[in-house]
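What follows is a short report on a single structure.
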Amino acid sequence: MTTYGYARDTGSPLATAYFFRLRRALEAVGCTEIFSEVDVRSTGMPGPEFRRLVDMVQRGDKVVIPDATRLTRKPETLDFIVGALNDLGVGVEFLQAHWMI
């Protein structure tokens with residue numbers, strides 16, 4: 003089983019420190035490989051690095067995301083993505099409480 007992390011941010015100068023906190027939070031919970039995207043357009047969909055992560059995961063793996071809003075801001079898209087990963091046998095975990103302090 004591999005634990006992957008996914009971090010996404012806008013890339014604005016104010017968000018840079020926040021983005022590095024996201025990565026550190028993922029490292030702290032044992033993510034062995036972290037996929038990250040900066041300056042992803044606000045399409046409501048994950049970017050190309052998330053698609054690369056999905057191509058890589060296998061049954062029994064886990065994907066850790068700091069906050070659901072780092073994946074998408076649309077509830078129906080979030081439900082679809084999490085459901086699709088679960089159907090592949092991949093667990094999904096969100097860390098909201100771990101990194102917001």
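For reference, each letter of the sequence shown is one residue, going 3 to 103 in my numbering. Each residue gets a CB set at the ideal place from its N, CA and C atoms; glycine is no exception. Here the structure is a predicted model, which is why all the values come from computation and not from measurement.
Inter-residue Cα distance where the pair is residue i and residue j
| i | j | result |
| --- | --- | --- |
| TYR6 | GLU78 | 23 Å |
| MET3 | GLU35 | 12 Å |
| GLN60 | LEU90 | 7 Å |
| ASN88 | LEU24 | 23 Å |
| SER38 | LEU28 | 11 Å |
| THR81 | PRO48 | Per the sequence presented here, residue 81 reads as Asp, with Thr not at that position. Cα-Cα distance, rounded: 13 Å. |
| PHE22 | VAL31 | 15 Å |
| ASP11 | GLY93 | 22 Å |
Member of the options whose CA lies at the smallest distance from the CA of residue i
| i | options | result |
| --- | --- | --- |
| TYR8 | ASN88, ASP81, THR71 | THR71 |
| THR18 | VAL40, ILE67, PHE96, GLY91 | VAL40 |
| ILE67 | PHE52, ALA86, GLY85 | PHE52 |
Identified DSSP bridge partners for residue i
| i | result |
| --- | --- |
| GLY93 | LYS64 |
| VAL40 | ASP11 |
Endpoints, alpha helix (DSSP H) assigned at residue i
| i | result |
| --- | --- |
| GLU57 | The residue you asked about is not Glu; residue 57 is Asp in the sequence shown. It spans 50-58 - the alpha helix (DSSP H) in which ASP57 sits, taken as one unbroken run. |
Residue range of the unbroken beta strand (DSSP E) whose run includes residue i
| i | result |
| --- | --- |
| ALA27 | Unbroken run through ALA27 is the alpha helix (DSSP H), 18-30; no beta strand (DSSP E). |
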